[in-house]
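*Asks:*
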Amino acid sequence: MLTLTSEAMYGTNRSVVSEFVFLGMTNTWEIQLLLFVFTFLFYFASMIGNLVIVLTVTLDVHLKSPLYFLLANLSVLDMIFCSITAPKMICDIFKEHKTISFWGCITQIFFSHAVGGTEMVLLIAMTFDRYVAICKPLHYLSVMSPRVCLFFLVTSWVIGLTHSVVQLVFVVGLPFCGPHTLDSFYCDLPRLLRLACTNTQALELMVTVNSGLISVGSFLLLVISYIFILFIVWKHSTGGLSKALSTLSAHVTVVVLFFGPLMFFYTWPSPTSHLDKYLAIFDAFITPFLNPVIYTFRNKDMKVAMGRVWGYLRPYREMS
2 MLTLTSEAMY GTNRSVVSEF VFLGMTNTWE IQLLLFVFTF LFYFASMIGN LVIVLTVTLD
62 VHLKSPLYFL LANLSVLDMI FCSITAPKMI CDIFKEHKTI SFWGCITQIF FSHAVGGTEM
122 VLLIAMTFDR YVAICKPLHY LSVMSPRVCL FFLVTSWVIG LTHSVVQLVF VVGLPFCGPH
182 TLDSFYCDLP RLLRLACTNT QALELMVTVN SGLISVGSFL LLVISYIFIL FIVWKHSTGG
242 LSKALSTLSA HVTVVVLFFG PLMFFYTWPS PTSHLDKYLA IFDAFITPFL NPVIYTFRNK
302 DMKVAMGRVW GYLRPYREMS
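Counted from 1, the sequence shown has number 145 at position 144 by my numbering; the numbering is strictly sequential.
(1) Keeping to the same chain, check which residues put their C-beta closer than 8 Å to that of residue 181; ignore five residues upstream and five downstream.
(2) Residue 297 and residue 258 look like a contact to me (Cβ under 8 Å); what is the Cβ gap, rounded to whole Å?
(3) By alpha-carbon positions, which one of 127, 52, 101, 100 ends up nearest to residue 67?
(4) Going by DSSP, what residue range makes up the alpha helix (DSSP H) through residue 157?
(5) Of the residues 227, 36, 283, 311, which one's Cα is nearest the Cα of residue 132?
(6) Taking its Cβ as the centre, do 16 or more other Cβ atoms sit within 10 Å of residue 114, making it buried, or is it exposed?
(7) How about the stretch 185–202 and the stretch 97–115: do they share at least three Cβ pairs that are nearer than 8 Å?
(8) Tell me the DSSP bridge mates of residue 102?
(9) With a floor of 4 residues, list each alpha helix (DSSP H) that falls wholly inside the stretch 63–135, ordered by position along the chain.
(10) Which two residues bound the contiguous alpha helix (DSSP H) that contains residue 50?
(11) Which residue marks the beginning of the alpha helix (DSSP H) containing residue 203, and which one marks its end?
(12) Would you identify the three-state DSSP class for residue 254, choosing helix, strand or coil?
(13) Out of 262, 71, 148, state which residue places its alpha-carbon closest to the alpha-carbon of residue 281.
(14) With C-beta atoms as the reference, is residue 37 less than 8 Å away from residue 101?
(15) So what does DSSP say about residue 27, is it helix, strand or coil?
(16) Following the continuous alpha helix (DSSP H) through residue 192, name the residue where it begins and the one where it ends.
As structure tokens, then:
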């Protein structure tokens, strides 16, 4: 049931929405059951897969290069990102009345944009790491020093948090007096702005510039960087081109999977609700699951290190 409170906003008395109702994905029980199994398995696999990467990089002494430091932090971000919306969606699938409080909605949006913005910058940092490793291998350890890696990590979080706060600081004071229904399974900024009881064209433009152009700009920067790296390798070493392609293919796959849905959400003028929801499922469940798969199955050092860590832990498992 819709809960309303009365308070003075923008100089007038308004009935303010204190919670929102999700329409979810479907009302058909059979599809709900299939969706529950699908989302639960992918969420569980995403958490386990990324946790394995973090533990492997942390425990194995052979994986102390800057690449694996950044990769472990990418896995931490993926675990946080898929935990922002996935658990509530899984719990809400069979509920007839799916609700979220106003501040719960704001919290979802805040962490989604903060973690998403942080991951954008971290992916750029990983591309720079690959550039140094492939094009300047003799200077790799001196350029990608622990201090530089820590700088990349801190900068990523600062930019991500700033990106999120800048948008939400203008949203929390908006009047929401009804309707209160979101045709989705999670809170997102464009949908929330459309429910405000005031003209939000300026804010929608700000969101498009802040989120849309940042997504597109970061994606284009990464693509140009990959092309530049391949051009340098092709120009100086024909034999090294195939190795560079193999190394970068995993990064390209992750970038396309991550940025594809984001660019659609924030740059498409009038996105269709159903396509939005399906892309959101892909972004929330499948991408965090594919990242560990891509980085482990295509990385020989990671697979060997996982075997070593499993060998270290086996005696403790047998003792317990």
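Note that beta-carbon positions come from the ideal geometry of N, C-alpha and C, so glycine has one too. Small disclaimer: the values here were computed from a predicted structure and weren't measured.
*Replies:* Reading it off the structure:
(1) As a first step, residue 181 is located in the sequence shown; it is residue number 180 there, counting from the start. Excluding sequence neighbours, residue 181 sits near 3, 18, 20, 21, 22, 196.
(2) Residue mapping note: residue 297 aligns to position 296 of the sequence shown, counting from 1. Residue mapping note: residue 258 aligns to position 257 of the sequence shown, counting from 1. That pair is no contact at about 16 Å.
(3) What you label residue 67 is simply residue 66 of the sequence shown in a count that begins at 1. Among 127, 52, 101, 100, the Cα nearest to that of residue 67 belongs to 127.
(4) Residue numbering aside, residue 157 sits at position 156 when the sequence shown is read from its first letter. Following the DSSP letters along the chain, one finds residue 157 inside the alpha helix (DSSP H) bounded by residues 147–169.
(5) The residue given as residue 132 occupies position 131 in the sequence shown. If we check each option's Cα against that of residue 132, 227 comes out closest.
(6) Here residue 114 refers to the residue found at position 113 when the sequence shown is read from its first residue. When all chains shown are included, residue 114 counts as buried.
(7) yes
(8) Taking the sequence shown and counting its residues from 1, the one referred to as residue 102 is at position 101. DSSP output for residue 102 lists 20 as bridge partner(s).
(9) Listed in chain order, the complete alpha helix (DSSP H) runs (minimum 4 residues) inside the stretch 63–135 are 67–93.
(10) By one-based count along the sequence shown, residue 50 stands at place 49. First-last of the alpha helix (DSSP H) with residue 50: 30–60.
(11) Position 202 of the sequence shown, counting from 1, holds the residue named residue 203. Taken as a continuous stretch (DSSP letters only), the alpha helix (DSSP H) holding residue 203 covers 202–208.
(12) Reading the sequence shown from its first residue, position 253 is the one you call residue 254. The answer is helix: DSSP assigns residue 254 an H, G or I state.
(13) In the sequence shown, residue 281 corresponds to position 280, counting from 1. The option with the nearest alpha carbon to residue 281 is 262.
(14) Counted from its first residue, the sequence shown places residue 37 at position 36. Counted from its first residue, the sequence shown places residue 101 at position 100. Their beta carbons are not under 8 Å apart, which means residue 37 does not touch residue 101 by this criterion.
(15) Translated into positions along the sequence shown, residue 27 becomes position 26. Three-state result, residue 27: coil.
(16) As a working note, residue 192 is residue 191 in the sequence shown. Element bounds for residue 192: 190–195.
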